[in-house]
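Engineer: Structure in structure tokens, see below.
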């Protein structure tokens, strides 16, 4: 259900590189959420540094949403970066679960699988 990758890169370095690296893999960054700051502002502080990036692949979104608007609950694609006991973790939703739990045409399944492969490659680019 969740795809995770551990890296030796710092959260700060990944945040700085996310926009340019996402573009290399066909995605644009729509929004960035720093939960530590957001929750602090609301009076609910957390110690852990957690940032979520919303990514979009416009052609992928068009292909999928034109036929299956119900898949929109999983979009845009999200990548989470957080510290787990001193280890930087990058994760996303396992798109293969979405593909197998919806009645989708084979061409759409193939397209979504390709997008997930690109997300995995992006996440794994921080070795």
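Numbering (the working numbering), first residue to last: -18 to 108.
Just so you know, even glycine gets a beta-carbon here, dropped at the ideal spot from N, CA and C.
Given the structure is predicted, the values throughout are model-derived calculations rather than measurements.
Which word fits residue 97, buried or exposed, when buried means at least 16 other C-beta atoms lie within 10 angstroms of its C-beta?
Structural biologist: Residue 97 comes out buried.
Engineer: If you drop the 5 nearest sequence neighbours on each side, which residues of the same chain put their C-beta closer than 7 Å to that of residue 124?
Structural biologist: The structure shown does not extend to residue 124, since the chain spans only -18 to 108, so no value can be given for it.
Engineer: Under the assumption that residue 30 contacts residue 63 (Cβ atoms under 8 Å), give the Cβ distance between them as a whole number of angstroms.
Structural biologist: Between residue 63 and residue 30 the Cβ distance is about 6 Å, and since that is below 8 Å, they are a contact.
Engineer: Under the DSSP definition of a beta bridge, which residues are partnered with residue 9?
Structural biologist: Answer is 37, bridged to residue 9.
Engineer: Name the DSSP beta bridge partners of residue -14, please?
Structural biologist: Answer is 71.
Engineer: With distances taken from CA atoms, which of 36, 53 and 27 is nearest residue 73?
Structural biologist: Nearest C-alpha to residue 73: 36.
Engineer: Under a three-way DSSP split, which group does residue 82 fall into?
Structural biologist: In the structure shown, residue 82 sits in a helix (DSSP, three-state: H, G or I).
Engineer: For residue 66, does the three-state DSSP call read helix, strand or coil?
Structural biologist: Residue state, collapsed to three classes: coil.
Engineer: Note down, in chain order, each residue of its chain lying with its Cβ closer than 7 Å to the Cβ of residue 15, except the 5 sequence neighbours on either side.
Structural biologist: Result list for residue 15: 32, in chain order.
Engineer: Would a C-beta distance cut-off of 9 Å place residue 103 and residue 25 closer than the cut-off?
Structural biologist: For residue 103 and residue 25, no; Cβs fall outside 9 Å.
Engineer: The alpha helix (DSSP H) with residue 87 in it runs from where to where?
Structural biologist: Here the alpha helix (DSSP H) through residue 87 covers 87 to 105.
Engineer: If residue 107 sits next to residue -5, beta carbons under 8 Å apart, how far is it from one beta carbon to the other, in whole angstroms?
Structural biologist: That belief holds up - the Cβ atoms of residue 107 and residue -5 are roughly 6 Å apart, short of 8 Å.
Engineer: Please classify residue 41 as buried or exposed, where buried requires at least 16 neighbouring CB atoms within 10 angstroms.
Structural biologist: Its Cβ being crowded by 16 or more others within 10 Å, residue 41 is buried.
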